[in-house]
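One structure below.
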Amino acid sequence: MPALPHGALQPAPAPVLTATSDRNPAMRATIEALRTASTIPAKQRNEKVNPVVDAVCSHAYQHGLSRDHLQSIVQLVTRRNHLDQTSSTSLIKNLYPAARVPSDIVIAIVGALGHAQSKPSAATQAALLKWVIAVIDALEDATVLSKLYGVLFNLLDTMSLRTPLCHLLSLVTRRKHVRPFRIQQLLEMVRTSGQDPALVGLLRVYKDYYPEIIVGNAASGRTSFASPAQDEWRRRLQTIQEANADSNYQPHAQQHGFRVIRRGAKRAKVSIVPEVHTSYANEKSVTLEEVHNADALVKHLERIELPNQLLASFKDPLLQKFLILKPSDTAARRLELWLESYLREALDAIASGTKGPDHFDELLDGMLNYTTATKNLLPTGRDFLKSYLPFWDGRTYSESILGLLAYIPMEDFRESKTSYLSPAEAAVVASGTADAYDRLLAFYTALVQNWNHAANTSRPDPRDPAEDPVTSSDFAALTTHISNTVLSLLSSQQRIPLSTATAILTYYTTLSTLSSAITPLTIPSAPTLYNLLFQPSLATISHLCTLLATYKRAFETDLQDHATASANLPRAVTNAFNGYLMDVANLFWRSRALTPTDPNAMGCLCAPPVAAALNAYVSSLPPVLIPPASTPTTTTTPTPTPTPAPGTGPDYTLASLFGLSHNALTAPLALATLRDLEAAHLAAAAAASHDNDNNDNDAPQPPPPQPPRHPPGPVTQRTLHRLARSGAGGGMELSWKAYRVRVLEWLAEHGVRGLRDFMFVTMKDLMKEAAASSGTTSTATATATAATAGGGGGGGRGGATTAAA
1 MPALPHGALQ PAPAPVLTAT SDRNPAMRAT IEALRTASTI PAKQRNEKVN
51 PVVDAVCSHA YQHGLSRDHL QSIVQLVTRR NHLDQTSSTS LIKNLYPAAR
101 VPSDIVIAIV GALGHAQSKP SAATQAALLK WVIAVIDALE DATVLSKLYG
151 VLFNLLDTMS LRTPLCHLLS LVTRRKHVRP FRIQQLLEMV RTSGQDPALV
201 GLLRVYKDYY PEIIVGNAAS GRTSFASPAQ DEWRRRLQTI QEANADSNYQ
251 PHAQQHGFRV IRRGAKRAKV SIVPEVHTSY ANEKSVTLEE VHNADALVKH
301 LERIELPNQL LASFKDPLLQ KFLILKPSDT AARRLELWLE SYLREALDAI
351 ASGTKGPDHF DELLDGMLNY TTATKNLLPT GRDFLKSYLP FWDGRTYSES
401 ILGLLAYIPM EDFRESKTSY LSPAEAAVVA SGTADAYDRL LAFYTALVQN
451 WNHAANTSRP DPRDPAEDPV TSSDFAALTT HISNTVLSLL SSQQRIPLST
501 ATAILTYYTT LSTLSSAITP LTIPSAPTLY NLLFQPSLAT ISHLCTLLAT
551 YKRAFETDLQ DHATASANLP RAVTNAFNGY LMDVANLFWR SRALTPTDPN
601 AMGCLCAPPV AAALNAYVSS LPPVLIPPAS TPTTTTTPTP TPTPAPGTGP
651 DYTLASLFGL SHNALTAPLA LATLRDLEAA HLAAAAAASH DNDNNDNDAP
701 QPPPPQPPRH PPGPVTQRTL HRLARSGAGG GMELSWKAYR VRVLEWLAEH
751 GVRGLRDFMF VTMKDLMKEA AASSGTTSTA TATATAATAG GGGGGGRGGA
801 TTAAA
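For the record, in the sequence shown the residue sitting at position 95 is 95 according to the UniProt record's numbering, with numbers rising by one throughout.
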């Protein structure tokens, strides 16, 4: 392509690109062409600049501008150039940043304001100020404008910039900016300008911090700053930035909680919960709006003034922290008076069947937010719940209602049950939703956690149960009620969903970590545990085994304190838990399923006649036949007959039916473990044969025979013994115990850790091996440990021993 003459405008390709990457060559070329055109007077250009401006504006509107592209255009428009005013204004109006706006861009814009030959026109400066106002919520550093406050204030005497400057300053002004000399200057400008609405609006902001300022009523003030076009521009900006959120800006980044939250004018207007604003402050006081970190909150804690509306604490984390660190009866009463009036109106509307007050759901969410932060349900909230629950449908506002109920104070359990628990249970169950039981169990889990926390933090010595026997009895009554509810839930459904079983186990996992003198360990009832143990879900069984391992460690920890062990762990509780451990070990490891003869064992509550009938049925089942391998037959060769699969027929007994290699849930995984071991053995044998061939200089030998493989069917001790002896001694040698340990490890590697955790904290020999491998010695514990690995599957033996508490 021949070189273009001086003054010619390089044609820009259409920016048909979907990314805002800085490596966008088409957009970079377009901006460079625009920069070149801006240095050439309009009469000397060979091409019009309008198509280039339109290309930049179109790309910015569709995809936003990356950091480098934004910086390049801002650098262009903040200097005197040869672009016409329409082009400059169009560029500024389409400066949609794809990410947060860096501070250096804001500084460059502020530096371009004022009177100088090199600075842009007054119209361009005003447009730049309006752009800063529009992107104020998307600044990378929210304090940059505060640092430039003095520069901006001193520009108020520039008439062409006064209105956007007053708007910007009204958004940025905090108490530290309001100084007597600025008040004096502002009052003087208002007087000489004839009540300029923009100046009056800024003066009203100053009055929020200094109520002594007298502002006339001649102008509407701050309301004159509203602009529908700017709201539309912000909506487009939000759309662009949300589309680029993965790589750039997350518009909903989490607050650190030490700064007042500002939601923007539009969102604040439709919310019943106000933002934090403090009007009644003096020279010696500090407002929450001036606090920006934890150090400032601690430093000024005693000097901070309460904000205008304490209802803002329902959403503002900084105000919540302040009320927690510096409680005030006055603040609590102010908040409850407003809340009481609103909730009484809501209850009257609900009782009469009419529509409730506006923003009722938002208020409940705010109450939950406040209660979660303070760990204290307001008395007004308790009275409201007591009156509202009889009308509740169990579905509407469910998260907020159940969340608030989880913070009802620890009091007489019968009163709590009558006023709160029974109505809530009835409403949730009657709602008929698929997750009704899950929501109810999650509520009880949170309630138990909160009552335990309250019981153990409100006593001088939580280790002394004699200080408050009523509290201990109320907590025990609560856990007993929940256990009965769980058992009723399990008994009323033919098939328990996985989510419900997980919710039950999560509740008991929470209980296993809440052990103290006031709230002793509470174990699941035997029917509940065995009902969950025989659920057709490997995830449920693994979770249950993890729960039992957690309980065992908790028992061991409690038994180390001999002073309180007898009070916290009655003999009946320890014996019952020992029975759980024995039954689960018998089921999965010892091949003694449903056997009640071992110490403390309950045989999974299976009645002996039922167990005998099941055993007779299983023994009568015919063996599974393995079809013969396909081999050519002749008239002289008899037809091969199928052979019984190992572990079936007479070997198929009820006692071994639930073991790792026979259990319907684990048998395929146990066989997959064996196949992995066989593959490793085959690879090792092939490698050894290859080494021997390399060392032999004679003629090549025929390939060695393949090592024998385990026949189809469950793995037993007998089949492993036959496998080791087959193939002229070339079979894989693997002990019964080593195989089962490998199955546990394989399951753990694939996400099923519960069975391994349970066995390694329960089986004595596995505990010793684990202790030896970690360089520690095993210590004797007072809780039950099921017998050594011993028998199972192929007739091995082992005795069970339990230690009494």
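Glycine included, every Cβ here is placed at the ideal spot set by N, Cα and C.
Model, not experiment: these values are computed from the prediction.
Check: Under the three-state DSSP convention, the category Thr287 falls into; Outcome: coil
Check: Backbone secondary structure at Ile304 - three-state DSSP; Outcome: strand
Check: Endpoints, alpha helix (DSSP H) assigned at Lys147; Outcome: 144 to 147
Check: Backbone CA spacing between Asn575 and Asn600 [nearest angstrom]; Outcome: 6 Å
Check: Proximal residues to Pro642 (C-beta, below 7 Å), its chain only, five neighbours per side dropped; Outcome: Leu625, Ile626, Pro627, Pro628
Check: Residue closest to Thr374, alpha-carbon to alpha-carbon, out of Tyr397, Val53, Leu404, Ala442; Outcome: Leu404
Check: Other residues of its chain near Lys386: CB distance less than 6 Å, five sequence neighbours each side excluded; Outcome: Ser419
Check: Proximity of Pro180 and Tyr280 at Cβ, strictly below 8 Å; Outcome: no
Check: Beta-carbon spacing of Pro527, Leu478 below 8 Å; Outcome: no
Check: Rounded separation between Leu208 and Ile523 - CA only; Outcome: Here residue 208 turns out to be Asp, not Leu, going by the sequence shown. Taking the straight line from one Cα to the other gives about 59 Å.
Check: Reference Tyr380, options Ser398, Leu187, Ile408, Ser416, closest by Cα; Outcome: The question names Tyr, but residue 380 is Thr in the sequence shown. If we check each option's Cα against that of Thr380, Ile408 comes out closest.
Check: Separation of Ile133 from Asp141, as counted between CA atoms; Outcome: 14 Å
Check: Range covered by the alpha helix (DSSP H) that runs through His167; Outcome: 162 to 172
Check: Span of the alpha helix (DSSP H) around residue 849; Outcome: The structure shown does not extend to residue 849, since the chain spans only 1 to 805, so no value can be given for it.
Check: CB contact flag (Ser146, Arg100, <8 Å); Outcome: no
Check: contact_flag[the segment 759 to 769, the segment 610 to 618] where n(CB pairs < 8 Å) is 3 or more; Outcome: no
Check: Own chain residues within Cβ distance below 8 Å of Pro608, not counting five before or after; Outcome: Pro596
Check: Straight-line gap, Ala346 to Gly114 (C-alpha atoms, nearest Å); Outcome: 55 Å
Check: Burial state of Phe588 (16 or more Cβ within 10 Å); Outcome: buried
Check: Contact between the segment 319 to 334 and the segment 346 to 357 (3+ Cβ pairs under 8 Å); Outcome: no
Check: Pairwise C-alpha distance: Ser227 and Ser483; Outcome: 60 Å
Check: Exposure label - Glu242; buried when at least 16 CB within 10 Å; Outcome: exposed
Check: Closest residue to Ala501 among Leu440, Glu336, Leu168 (Cα-Cα distance); Outcome: Leu440
Check: Straight-line Cα distance separating Ser537 from residue 808; Outcome: Missing from the structure shown is residue 808; the chain here goes from 1 to 805 and no further.
Check: Separation of Ser66 from Ala26, as counted between CA atoms; Outcome: 13 Å
Check: Per-residue DSSP class, three states only, for Ile518; Outcome: coil
Check: Own chain, CB closer than 8 Å to Thr192, minus 5 neighbours either side, in chain order; Outcome: none
Check: Pair within 8 Å by beta-carbon distance, Thr666 and Leu660; Outcome: yes
Check: Bridge partner(s) assigned by DSSP for Thr643; Outcome: Ile626
Check: Cβ neighbour criterion (16 or more within 10 Å) applied to Leu621; Outcome: exposed
Check: Straight-line gap, Arg553 to Ser735 (C-alpha atoms, nearest Å); Outcome: 30 Å
Check: Leu199 vs Cys166 beta-carbon contact at 8 Å; Outcome: yes
Check: Environment of Arg725 [buried if 16+ CB atoms lie within 10 Å]; Outcome: exposed
Check: Continuous alpha helix (DSSP H) stretch holding Thr595: start and end; Outcome: Segment: none, Thr595 is in no alpha helix (DSSP H) and carries neither H nor E.
Check: Pick from Phe534, Leu529, Pro623, Val74 that is closest to Gly579, judged by C-alpha positions; Outcome: Leu529
Check: Straight-line Cα distance separating Thr546 from Phe758; Outcome: 6 Å
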